[in-house]
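K.L.:
Protein chains in written order, with the working numbering: chain A, 63 to 577; chain B, 3 to 237. Glycine residues also receive a C-beta, built at the ideal position from the N, C-alpha and C atoms.
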């Protein structure tokens with residue numbers, strides 16, 4: 063980071079808790095330079111510049127309370143075995159003095175200050191710079207290499223190079239004799255991650271600490287070795303300033319920085335970061351947790367789910383989740399000049415007979431399909447209304463199915479946040495047929511139904527996680543009579559149910575499309 | 003069609019010989035080969051993908067429809083709930099049994115489909131019966147070696163259909179449907195140890211009627227350790 067501003071002010075700042083689901087996170091998520099969000103003892107923690115940090119019971123509503131001694135800037139945390147190793151920069155990247163930075167590490171059995179086991183070990187210096195060399199030892203980040211168990215630490219800022227050193231994963235101290243390697247230049251808040259044979263170095267480019275005018279953005283290069291060279295999608299080495307964009311400003315959020323990856327399993331990945339400015343919160347710096355997608359071997363920032371009107375499409379069959387009700391025909395018989403003539407009583411969709419010959423009945427469709435079509439001027443056809451579609455909907459619970467994707471009212475859903483409860487990075491959602499209060503719910507036999515009205519019961523609350531391929535996993539908060547989490551799943555082509563999520567198939571993946 | 007005409011004389015002899023014993027074969031039948039063979043007395047397992055190939059099929063009931071867009075949930079349910087023959091939701095017919103529907107005498111046929119699916123169009127055309135604008139009823143009896151919980155009945159049909167397991171409605175396929183394997187699947191159900199009765203009704207306007215049925219387990223895998231035995235089949 064270029065500036066340690068906010069460091070002292072953040073802990074004392076308190077704004078009104080907002081329930082606006084458009085915000086990054088709920089509660090008081092005010093932080094700068096957050097460490098990777100870390101679960102511990104059923105809670106979530108992140109630590110920022112200046113000491114202290116944020117904690118959350120559910121990952122959605124955040125408040126101050128995390129405790130970190132040592133002051134300084136931009137810590138990171140990793141869990142190794144049953145302990146947590148924390149690193150932080152003791153200095154401030156030049157604004158508090160020179161560039162003679164120091165990175166320190168310390169252990170703790172827990173991150174929860176309420177735990178009797180909460181006690182940090184004495185911090186030890188693992189990397190430093192003398193203030194003259196082309197590096198400033200701040201902004202540390204860990205990678206425990208899943209391929210060989212080696213522990214790496216990257217650090218640095220715009221003052222020269224990003225460097226990597228190796229630590230002993232048992233002690234958290236520097237491997238004796240290990241020399242730092244320069245791996246990037248002109249960025250900060252680095253983070254090294256591994257996936258599918260590649261090491262990815264993420265770094266934050268742009269201007270820090272200028273509120274709504276900060277140009278912070280997160281970029282990435284990749285290498286087959288943890289020590290680089292890290293090359294971007296254009297073939298440029300990060301040691302020469304390269305870096306493929308991962309996430310920049312969007313919506314009301316300006317200046318994302320300090321990437322931290324969370325692999326949650328079942329093809330759900332998220333990343334933590336801060337925005338330099340949340341324009342809905344006085345342009346203050348806030349924590350966010352967003353989906354992390356992978357496209358062509360590169361990390362891409364997903365978007366936090368936005369409330370709205372959607373069709374819920376099965377990735378497996380392409381059909382739309384809909385009420386099991388009568389299909390109501392709408393106006394618009396169509397027709398087109400010269401296609402098919404009057405038609406006859408011929409077949410509709412003959413299946414092949416043995417030997418490959420087509421069955422009879424491929425002839426014209428019944429009268430009314432072809433011909434010249436309607437006469438008169440061409441005019442728009444009004445979309446089917448809810449009133450037209452719902453005329454004969456039965457009362458009470460209604461079953462669901464997957465039907466032809468037709469953007470009809472019985473397959474159009476409004477997804478709205480229920481902000482007093484959430485999960486990592488998001489509130490739960492209620493899912494109702496648009497224009498009604500008829501709500502999607504998990505049933506006692508682990509199926510899905512709609513109930514006539516949303517009552518807020520936990521089986522009517524839905525968790526929506528964007529998966530690494532951009533599709534979504536949709537899970538009820540609770541399935542009555544079930545102890546294990548279940549996800550909305552297509553069984554066969556046209557039947558929705560709830561089953562354990564299987565990332566290997568498209569059956570549990572859904573697209574959320576705007577009608 | 004050409005292929006059928008080439009093959010029909012070959013199987014036609016066999017079919018006639020076999021079906022003479024059942025006295026269910028119309029004189030002008032084109033024959034059911036190569037789509038069906040008469041069911042035998044020996045129990046028959048599902049095919050390698052779990053599809054049930056042995057069925058009692060009732061000759062088609064006339065139900066004229068110019069198109070299939072009328073097959074809404076309500077239409078299909080009301081149509082199948084109308085009574086066409088006595089005990090239509092409980093009877094387990096025998097090969098050659100006959101019912102009279104709207105003045106037409108219709109026979110049940112115990113057949114093994116040569117394919118994974120049951121080509122009702124070929125069943126009707128092979129017997130010189132009405133092929134379009136029809137309702138087919140199908141019944142089979144599945145023997146399970148043990149109670150199987152949390153299984154699902156998976157059906158594809160052309161066009162709409164409804165299916166009952168042991169007298170309870172299990173799967174509905176409404177709308178103008180193509181036959182797609184595992185198109186619609188029941189909720190989790192239990193297969194009894196021993197005998198289980200599957201009953202289905204398929205309606206179609208113009209087009210080729212057929213269906214395919216199998217059971218799948220909790221993981222979507224076919225259940226194959228079942229047998230089908232139709233009372234008096236192959237007599």
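Who are the neighbours of residue 458 of chain A on chain B, taking C-beta pairs under 8 Å?
P.N.:
What residue 458 of chain A touches in chain B: nothing, since even the nearest Cβ is about 15 Å away.
K.L.:
Let me know the alpha helix (DSSP H) ranges lying completely inside the region 106-149 of chain B, each 4 residues or longer, listed in chain order.
P.N.:
Qualifying alpha helix (DSSP H) stretches, in chain order: 122-128.
K.L.:
Three or more C-beta pairs closer than 8 Å, one from the region 495-508 of chain A and one from the region 457-472 of chain A: is that the case here?
P.N.:
At 8 Å Cβ cutoff, the stretches touch.
K.L.:
For residue 101 of chain A, list the residues DSSP reports as bridge partners.
P.N.:
Its beta-bridge partners are A:106.
K.L.:
Can you find the residues in the same chain that come closer than 8 Å, C-beta to C-beta, to residue 208 of chain A, ignoring five residues on each side of it along the sequence?
P.N.:
Only 256 meet the Cβ criterion.
K.L.:
Per DSSP, what are the beta-bridge partners of residue 253 of chain A in this structure?
P.N.:
Bridge partners of residue 253 of chain A: A:264.
K.L.:
So if I threshold CB-CB distances at 7 Å, which residues from the region 180-199 of chain B count as touching chain A?
P.N.:
So the close ones are 180, 181, 182, 184, 185, 186, 187, 189, 190.
K.L.:
In terms of residue numbering, what span does the beta strand (DSSP E) encompassing residue 171 of chain B cover?
P.N.:
That run of the beta strand (DSSP E) goes 170-175.
K.L.:
Find the nearest neighbour of residue 194 of chain B within the set B:212, B:145, B:178, judged by alpha-carbon distance.
P.N.:
When only C-alpha atoms are compared, the closest one is B:145.
K.L.:
Can the beta-carbon of residue 138 of chain A be found closer than 8 Å to that of residue 203 of chain A?
P.N.:
Yes, the pair counts as a contact, with Cβ atoms nearer than the cut-off.
K.L.:
Could you tell me whether the Cβ atoms of residue 508 of chain A and residue 541 of chain A are closer together than 8 Å?
P.N.:
In this structure, residue 541 of chain A lies closer than 8 Å to residue 508 of chain A by Cβ.
K.L.:
When Cβ atoms are compared, which residues of the region 475-508 of chain A fall closer than 8 Å to chain B?
P.N.:
The region 475-508 of chain A vs chain B, Cβ under 8 Å: 507, 508.
K.L.:
Closest to residue 34 of chain B by CA distance: which of B:75, B:127, B:47 is it?
P.N.:
When only C-alpha atoms are compared, the closest one is B:127.
K.L.:
Drop a sphere of 10 angstroms on the beta-carbon of residue 223 of chain B, count the other beta-carbons inside from all chains shown, and report buried for 16 or more, exposed for fewer.
P.N.:
Exposed, since its Cβ has fewer than 16 Cβ neighbours within 10 Å.
K.L.:
Out of curiosity, what's the CA-to-CA distance linking residue 329 of chain A and residue 270 of chain A?
P.N.:
Approximately 32 Å, taken between the alpha carbons.
K.L.:
Nearest to residue 438 of chain A by alpha carbon, out of A:110, A:446, A:396, A:468?
P.N.:
The option with the nearest alpha carbon to residue 438 of chain A is A:396.
K.L.:
With a cut-off of 8 Å, does the C-beta of residue 30 of chain B fall near any C-beta of chain A?
P.N.:
Unreliable positioning characterises residue 30 of chain B in this predicted model, as indicated by a pLDDT of 48, which lies under 50. The coordinate reading is nonetheless provided below. No, no contact with chain A.
K.L.:
Cβ of residue 33 of chain B less than 8 Å from any chain A Cβ?
P.N.:
Judged by the 8 Å Cβ criterion, residue 33 of chain B is not in contact with chain A.
K.L.:
What residue range does the alpha helix (DSSP H) around residue 448 of chain A cover?
P.N.:
Residues 448-451.
K.L.:
For the region 281-314 of chain A, list the beta strand (DSSP E) runs that are entirely contained and at least 3 residues long, ordered along the chain.
P.N.:
Counting only runs of 3 or more, we get 306-309.
K.L.:
By the three-class DSSP mapping on this structure, what secondary structure does residue 273 of chain A have?
P.N.:
Three-state result, residue 273 of chain A: helix.
K.L.:
Is residue 510 of chain A close to chain B, meaning its C-beta is less than 8 Å from at least one C-beta of that chain?
P.N.:
No - not a single Cβ of chain B is within 8 Å of the one on residue 510 of chain A.
K.L.:
Check the Cβ of residue 202 of chain B against every Cβ in chain A and list those closer than 8 Å, keeping chain order.
P.N.:
Going along chain A, no residue has its Cβ under 8 Å from residue 202 of chain B, so there is no contact; the nearest lies around 16 Å.
K.L.:
If we ignore side chains and look at the alpha-carbon of each, how far apart do residue 196 of chain B and residue 326 of chain A end up?
P.N.:
Distance between the alpha carbons of residue 196 of chain B and residue 326 of chain A: 45 Å.
K.L.:
Specify the secondary structure class of residue 151 of chain B as computed by DSSP and reduced to three states.
P.N.:
Of the three classes helix, strand and coil, the one that applies to residue 151 of chain B here is strand, per DSSP.
K.L.:
Can you have a look at residue 482 of chain A and say buried or exposed, based on whether 16 or more other CB atoms are within 10 angstroms of its CB?
P.N.:
Exposed is the call here.
K.L.:
How many Å lie between residue 287 of chain A and residue 261 of chain A at the Cα?
P.N.:
Distance between the alpha carbons of residue 287 of chain A and residue 261 of chain A is about 6 Å.
K.L.:
Express the C-alpha separation of residue 387 of chain A and residue 230 of chain B in angstroms, rounding to a whole number.
P.N.:
About 34 Å.
K.L.:
Could you tell me the distance, in whole angstroms, from the CA atom of residue 179 of chain B to the CA atom of residue 159 of chain B?
P.N.:
C-alpha separation (whole angstroms): 7 Å.
K.L.:
On the three-state DSSP scale, how would you describe residue 80 of chain B?
P.N.:
Helix.
K.L.:
Interface residues of chain A around residue 128 of chain B at Cβ under 9 Å?
P.N.:
Those do not exist, as residue 128 of chain B stays about 12 Å from chain A at its closest Cβ, beyond 9 Å.
K.L.:
When you compare each of A:182, A:384, A:162 to residue 189 of chain A by their alpha carbons, which one comes out closest?
P.N.:
Of the listed residues, the one whose Cα sits closest to residue 189 of chain A is A:162.
K.L.:
Under 8 Å: do the region 441-451 of chain A and the region 471-480 of chain A share three or more Cβ pairs, one atom per stretch?
P.N.:
They touch, by the three-pair rule.
K.L.:
From the DSSP output, which residues share a beta bridge with residue 347 of chain A?
P.N.:
Paired residue(s): none; residue 347 of chain A is not in a bridge.
K.L.:
Distance, Cα to Cα, residue 572 of chain A vs residue 225 of chain B?
P.N.:
Cα to Cα, residue 572 of chain A sits roughly 27 Å from residue 225 of chain B.
K.L.:
Given that residue 217 of chain A touches chain B, what residues does it touch there, using C-beta distances under 8 Å?
P.N.:
None at all; the shortest Cβ gap to chain B is about 47 Å.
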